[in-house]
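Participant: Here numbering that gives the first Met the number 0 is used: position 171 in the sequence shown is 170, and no number is missing along the way. By construction, the Cβ of each residue, glycine as well, lies at the ideal position given by its N, Cα and C atoms. So that we are looking at the same thing, I have put the structure below in structure tokens.
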Amino acid sequence: MKLGLKNFGVLGALFAVAAQAHVVLDEPVALAGTYYKASLRVGHGCSGSSTTAVKVFIPDGLQGAKPMPKPGWVLSTRSAPLAKPYTSHGKRIESDVVEITWTAASRENALPDAYFDEYVLRGQLTAQAGPVWFRVLQTCEQGFLDWAQIPEAGTSTRGLKSPAALLEVLPSESVQHQH
Ligand SMILES: [Cu+2]
0 MKLGLKNFGV LGALFAVAAQ AHVVLDEPVA LAGTYYKASL RVGHGCSGSS TTAVKVFIPD
60 GLQGAKPMPK PGWVLSTRSA PLAKPYTSHG KRIESDVVEI TWTAASRENA LPDAYFDEYV
120 LRGQLTAQAG PVWFRVLQTC EQGFLDWAQI PEAGTSTRGL KSPAALLEVL PSESVQHQH
């Protein structure tokens with residue numbers, strides 16, 4: 000499901016202001032309970048150094064996360080037992096994917112600072128509306144960037160040096176009631 004920002008009017012425009020650099024979600028607004036394709040955009044390297052790995056920490060609000068394979072990058076996932084098991088397709092899910100990592104298969108596959116790329120995964124959002132933060136650990140040939148900062152209140156990442164990527168999850172009825 001693809002949601003145009005125009006569906007959200009002023010609210011959407013607000014979130015579209017997300018920084019061009021940093022690691023951000025291509026589609027920063029979604030509806031609670033829907034399947035969401037998270038496309039994490041990596042806009043630069045670490046102080047000029049090429050990106051060699053991108054690790055995403057799957058937030059509690061996203062269930063059954065599945066990565067999209069990427070040519071030239073090796074995929075790995077890590078699962079862990081859930082504090083709160085849930086039911087999907089009539090099956091009780093006791094553990095779920097908590098980390099997804101893309102690692103450049105070779106030096107030639109690393110992402111140069113002068114380019115950008117997207118790392119894609121998909122999962123189902125829970126019924127809970129509100130902000131969902133994706134922490135991303137970006138590893139480079141030299142150094143790393145830990146996109147993990149979350150504001151103490153609200154959703155503005157202004158002034159944060161390395162904010163986590165924000166997804167604003169809207170209650171499902173907010174769209175049904177739009178005219
Ligand atoms: Cu940046």
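In chain order, what residues of the same chain lie with their CB nearer than 6 Å to the CB of Tyr35, ignoring the 5 residues before and after it?
Facilitator: Indexing the sequence shown from 1 puts residue 35 at position 36. Around Tyr35: Ala29 and Leu124.
Participant: Is any heavy atom in ligand 1 found nearer than 7 Å to the beta carbon of Gly47?
Facilitator: Mapped onto the sequence shown, residue 47 falls at position 48. No - ligand 1 has no heavy atom lying nearer than 7 Å to the Cβ of Gly47.
Participant: As a quick exercise: from Glu151, Ala37, Lys69 and Gly42, pick the residue whose alpha carbon is nearest that of Val55.
Facilitator: Locating residue 55 in the sequence shown gives position 56, counting from the first residue. The residue with the shortest Cα to Cα distance from Val55 is Ala37.
Participant: Going along the chain, which unbroken runs of the beta strand (DSSP E) with 3 or more residues stay wholly within the stretch 69 to 119?
Facilitator: Within the stretch 69 to 119, the complete beta strand (DSSP E) runs of at least 3 residues are 72 to 87 and 90 to 103.
Participant: What is the DSSP secondary structure of Glu151, reduced to helix, strand or coil?
Facilitator: In the sequence shown, the residue the question calls residue 151 occupies position 152. Three-state DSSP puts Glu151 in coil, outside helix and strand.
Participant: Can you look up Glu140 in the DSSP assignment and give me helix, strand or coil?
Facilitator: Taking the sequence shown and counting its residues from 1, one reaches residue 140 at position 141. Glu140: coil per DSSP, three-state reduction.
Participant: Got a sec, what are the start and stop residues for the beta strand (DSSP E) Pro66 sits in?
Facilitator: Mapped onto the sequence shown, residue 66 falls at position 67. Start and end: Leu61 to Pro66.
Participant: Contact defined as beta carbons within less than 8 Å: I believe Leu61 pairs with Val135. What is the distance between those atoms, to the nearest angstrom?
Facilitator: By 1-based counting over the sequence shown, the position of residue 61 is 62. By 1-based counting over the sequence shown, the position of residue 135 is 136. Between Val135 and Leu61 the Cβ distance is about 13 Å, and since that is not below 8 Å, they are no contact.
Participant: Tell me whether Ala190 counts as near ligand 1, meaning its Cβ is closer than 7 Å to at least one heavy atom of that ligand.
Facilitator: This structure cannot speak to residue 190, because the chain is shown only from 0 to 178.
Participant: How many Å lie between Val22 and Val53 at the Cα?
Facilitator: For the purposes of this step, residue 22 is taken as the residue at position 23 of the sequence shown. For the purposes of this step, residue 53 is taken as the residue at position 54 of the sequence shown. Their Cα atoms are separated by approximately 10 Å.
Participant: Confirm the yes/no value for this check: CB of Gly71, any heavy atom of ligand 1, distance under 7 Å.
Facilitator: Residue 71 sits at position 72 when you count from the first residue of the sequence shown. Flag unset: Cβ of Gly71 not near ligand 1.
Participant: Would you decide whether Asp25 is buried or exposed? Buried here means 16 or more other CB atoms lie within 10 Å of its CB.
Facilitator: Within the sequence shown, numbered from 1, the residue matching residue 25 stands at position 26. It is exposed - the Cβ of Asp25 has fewer than 16 other Cβ atoms within 10 Å.
Participant: Closer than 7 Å by C-beta to Gly71: which residues in its own chain qualify, once you throw out the five before and the five after it? Chain order, please.
Facilitator: Position 72 of the sequence shown, counted from the first residue, corresponds to residue 71. Only Ala103, Ala104 and Asn108 meet the Cβ criterion.
Participant: Let's see if you can read the secondary structure: which residues bound the beta strand (DSSP E) around Thr33?
Facilitator: Numbered from its first residue, the sequence shown carries residue 33 at position 34. Counting along the chain, Thr33 falls outside any beta strand (DSSP E), and DSSP gives it neither H nor E.
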